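Asker:
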Amino acid sequence: MTTTRARLQELSLANLRKMAGEVDVDHDGLQKSKLIAEILEAEKFDEKMLPEPSSNGDSDGEPKAEARQSGGQRQGGQGGRGQGQGQRQGQGQGEGRRRRRRGGGRPQEPIDESELEVREGILDILPEGYGFLRCTGYLPGDKDVYVPANLVRKNRLRKGDIVSGPVRPARGQEKFPALYRPATVNGMDPEEAAKRPKFSDLTPLFPDQRLRLEVEGMGGNLTARIMDLISPIGKGQRGLIVSPPKAGKTTVLKDIANSITANNPECYLMVVLVDERPEEVTDMQRSVKGEVVYSTFDRPAEEHTQVSELAIERAKRLVEAGTDVVIVLDSITRLARAHNLATPASGRILSGGVDSTALYPPKRFFGAARNIEEGGSLTIMATALVDTGSRMDEVIFEEFKGTGNMELRLDRKLADKRIYPAIDIEQSGTRKEELLFSPDELTEVWKLRRVLLALEPGASLELLIDRLRSTKSNAEFLASVAKSGQ
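Mapping to numbering that gives the first Met the number 0: the sequence shown position 304 is 303, numbers consecutive.
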């Protein structure tokens, strides 16, 4: 008795490729063993598709080895042939038993799709080509669903897609249930989702549509008002918040996130916390109306990198659909540290103990921020730690300095004097800010900067805070600046 795999092994590569086309398996570049495995995994595959084996030849019409033997070998060789057949039969039965133990080698019963459980999750594709639906968050869990490589290729699924569909139970020694077919991809039909553009093919532009942080009726939110004047944010901004320890960066992040959700409900907000304290995660979840993706400091470095990579891929899939996405990352320094621990050593070590290849993944994360000409945008506001006493943190900051198009610096000396928000006005600013301000606003903001930069850093911030507290909005404040001739 010949097993299914053995019968497929007897077929030529050309016949296997023909069969792969019939069961919707992409066979380009696959070796014979890998192609057979993909055919066996295909849902459309049926043993009835295999040609019937003949007694004196295989399914390709090639004669058996015994038929090619010489006449002298055939004479009196009947017993030998019987012995060979017995050995082959024993081997076939043994392989059949092994195949049955693996859950294969027999026709599968037809599956009634209406009885299958439907699950939804974020697709995480591994380097081998197959993937898993993460149904309980961005990390592996007990309810994950296996996605075969042929389904990924056939439906052109991408890492970060939200996929839902019926799930068949695990067979044999399979650890996870498997996706039977994708019903929706990011809320769309799979055929429609396959036609979407790739993120790398979209055209990046300078930010030209402003994200106002000042909330109407909340004139007391000084962080939002000062940022709107000194370092405005646009859709597609790549901003770096440079902060020493205990300078109030967490409060600044929460103010930015809450202002964006209040003023720009069309934006999808993601807060990514890497290597963070658990209490900070809870505080962020309770104070911010957005998706909080996190990995706490008591988890392995591999978990930090996995969470961040899946989060940025999820954001890219949303941007491909024309959505405006805002990511608040805390912090890019700790993300680079995690990649430095998780990345295999390349042998090229920078000063501070930073591996040269460890900085590429966080740069890819930060560099994804862009304003898209075809529609949609990805805004990233990331914090960078300085003055920590660590040479590694200094090297990481130096690598990212100048890569953003907006920078907000916090001053520890101002924070020690309890002057909040402790923003260094002289060192903060936005590139191409003329695209975000109206001509009148730009003129008054430049006048304001000239006045503030003529003073000491602490005195300039105190003056600005006092003037802002005496007005209810930035428009009223700029009008007073123009009226006073400043």
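Note that beta-carbon positions come from the ideal geometry of N, C-alpha and C, so glycine has one too. Just so it is clear, the structure is predicted and the values come from calculations on it, not from any experiment.
(1) Using the beta-carbon count (16 or more within 10 Å), is residue 159 buried or exposed?
(2) So for residue 448, helix, strand or coil by DSSP?
(3) Got a sec, what are the start and stop residues for the alpha helix (DSSP H) residue 391 sits in?
(4) Expressed to the nearest angstrom, what Euclidean distance is found between the alpha-carbon atoms of residue 470 and residue 234?
(5) Measuring CB atoms only, is the stretch 311–320 touching the stretch 257–265, in the sense that at least three cross pairs come out at less than 8 Å?
(6) Could you give the DSSP three-state label for residue 99: helix, strand or coil?
(7) Start and end of the beta strand (DSSP E) containing residue 457?
(8) Using the beta-carbon count (16 or more within 10 Å), is residue 336 buried or exposed?
(9) Less than 8 Å between the CB atoms is what I'm expecting for residue 394 and residue 349, so what's the real figure, rounded?
(10) Just checking, does the stretch 193–201 make contact with the stretch 168–178 on the three C-beta pairs under 8 Å criterion?
(11) Within the same chain, show all residues whose beta-carbon is closer than 7 Å to that of residue 140, passing over the 5 residues directly before and after it, in chain order.
(12) Could you check how far apart the C-beta atoms of residue 287 and residue 270 are, in whole angstroms? I think they sit under 8 Å.
(13) How close, in whole Å, do the beta carbons of residue 115 and residue 165 come, if the pair is a contact with beta carbons under 8 Å?
(14) Thinking C-alpha only, which one of 5, 441 and 4 is nearest residue 227?
(15) From residue 6 to residue 39, what distance separates their C-alpha atoms?
(16) On the DSSP bridge list, what partners appear for residue 271?
(17) From what residue to what residue does the beta strand (DSSP E) around residue 119 run?
(18) Checking 8 Å against the spacing of the C-beta atoms, do residue 370 and residue 203 come in under that value?
(19) What are the residues that DSSP puts in a beta bridge with residue 406?
(20) So, under 8 Å CB-CB, residue 248 and residue 454 are touching, yes? Tell me the CB distance rounded to an integer number of Å.
(21) Hey, how far is the Cα of residue 62 from the Cα of residue 17?
(22) Since residue 131 sits in a beta bridge, which residues does DSSP pair it with?
(23) With distances taken from CA atoms, which of 427, 419 and 30 is nearest residue 403?
(24) Among 225, 313 and 237, which residue has its Cα nearest to the Cα of residue 267?
(25) Under a three-way DSSP split, which group does residue 251 fall into?
(26) What are the boundary residues of the alpha helix (DSSP H) that residue 214 is part of?
(27) From residue 423 to residue 161, what does the alpha carbon distance come to, in whole angstroms?
(28) Under a three-way DSSP split, which group does residue 206 fall into?
(29) Check the C-beta distance from residue 273 over to residue 334 and give it rounded, since I have them as a contact under 8 Å.
(30) Excluding sequence positions up to five away, which residues of its chain have a Cβ less than 7 Å from the Cβ of residue 297?
(31) Would you list the residues sitting across from residue 164 in a DSSP beta bridge?
(32) To the nearest angstrom, how far is it from the Cα of residue 352 to the Cα of residue 21?
(33) Taking C-alpha atoms, which residue in 275, 263 and 361 lies nearest to residue 309?
(34) Starting from residue 378 and walking both ways along the alpha helix (DSSP H), at which residues does that stretch end?
(35) Who does residue 323 pair with in a DSSP beta bridge?
(36) Considering Cα atoms alone, identify which of 251, 397 and 379 is closest to residue 386.
Answerer: For this structure:
(1) buried
(2) helix
(3) 390–399
(4) 27 Å
(5) no
(6) Confidence is the limiting factor: at residue 99 the pLDDT is only 46, short of 50, which leaves the residue's position unreliable, though a coordinate-based value still follows. Looking at residue 99 - three-state DSSP - the assignment turns out to be helix.
(7) Unbroken run through residue 457 is the alpha helix (DSSP H), 456–468; no beta strand (DSSP E).
(8) buried
(9) 6 Å
(10) no
(11) 133 and 134
(12) 6 Å
(13) 4 Å
(14) 441
(15) 12 Å
(16) 292 and 328
(17) 116–124
(18) yes
(19) 239 and 428
(20) Wrong, their Cβ atoms sit about 24 Å apart, outside the cutoff.
(21) Legend: pLDDT at residue 62 = 40, less than 50; position of this residue unreliable, value from coordinates given subsequently. The alpha-carbon atoms of residue 62 and residue 17 are separated by roughly 22 Å.
(22) 123 and 145
(23) 427
(24) 313
(25) helix
(26) Residue 214 -> no alpha helix (DSSP H), and no H or E assigned at all.
(27) 41 Å
(28) coil
(29) 5 Å
(30) none
(31) 118
(32) 54 Å
(33) 361
(34) Element bounds for residue 378: not the alpha helix (DSSP H) but the beta strand (DSSP E), 376–384.
(35) 266 and 376
(36) 397
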